[in-house]
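See structure below.
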Amino acid sequence: MAEEFDEVEAGESIEVSEILDDDGQVIGTLVDDVVVVTSEGGSIVDETIDVFDADGNLVSEEEIIDVYDGDAHLVSETDDLLIVTED
């Protein structure tokens, strides 16, 4: 007997913003990438926020993953932060 699977939908949104100093000069970039996967049984939201300096080097990255059940109740959440330092 074949199993029946929920229909799954996925979407992604990417926003890029400049980080400016007091003089209006670009000193970095913030990239906010959100991926949502949803079905009748629940949803997963994976958000990654990257901060880059003016030279394009990664300064920090935060990843937040939320899991919701079919009734939109938060079941699980993780939040990881990576700060890049020079050696």
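First residue of the sequence shown: 1440, per the numbering used here; consecutive thereafter.
Glycine is no exception: its CB is placed at the ideal position from the N, C-alpha and C atoms.
Here the structure is a predicted model, which means the values were calculated and not measured.
Subject >> At least three beta-carbon pairs within less than 8 Å, the segment 1455 to 1475 to the segment 1485 to 1499 >> reply: yes
Original post:
In angstroms, rounded to a whole number, what distance separates the CA positions of Leu1521 and Glu1501?
Top reply: As a first step, residue 1521 must be located in the sequence shown, where it is residue number 82. As a first step, residue 1501 must be located in the sequence shown, where it is residue number 62. About 6 Å.
Original post:
Span of the beta strand (DSSP E) holding Ala1449?
Top reply: By one-based count along the sequence shown, residue 1449 stands at place 10. First-last of the beta strand (DSSP E) with Ala1449: 1448 to 1459.
Subject >> Option nearest Asp1445 by Cα separation, candidates Thr1477, Asp1510, Asp1485 >> reply: The count along the sequence shown starts at 1 and reaches residue 1445 at position 6. Of the candidates Thr1477, Asp1510, Asp1485, the one whose C-alpha sits nearest the C-alpha of Asp1445 is Thr1477.
Original post:
Quick one: complete beta strand (DSSP E) runs, 3+ long, within the segment 1468 to 1510?
Top reply: 1481 to 1492, 1497 to 1508
Subject >> Beta-carbon spacing of Asp1505, Val1484 below 7 Å >> reply: Against the sequence shown, residue 1505 aligns to sequence position 66. Against the sequence shown, residue 1484 aligns to sequence position 45. Yes, the Cβ-Cβ distance between Asp1505 and Val1484 is below 7 Å.
Original post:
Quick one: what does DSSP say Val1514 is sitting in, helix, strand or coil?
Top reply: In the sequence shown, residue 1514 corresponds to position 75, counting from 1. Looking at Val1514 - three-state DSSP - the assignment turns out to be strand.
Original post:
Which of helix, strand or coil does DSSP assign to Val1465?
Top reply: By 1-based counting over the sequence shown, the position of residue 1465 is 26. Residue state, collapsed to three classes: strand.
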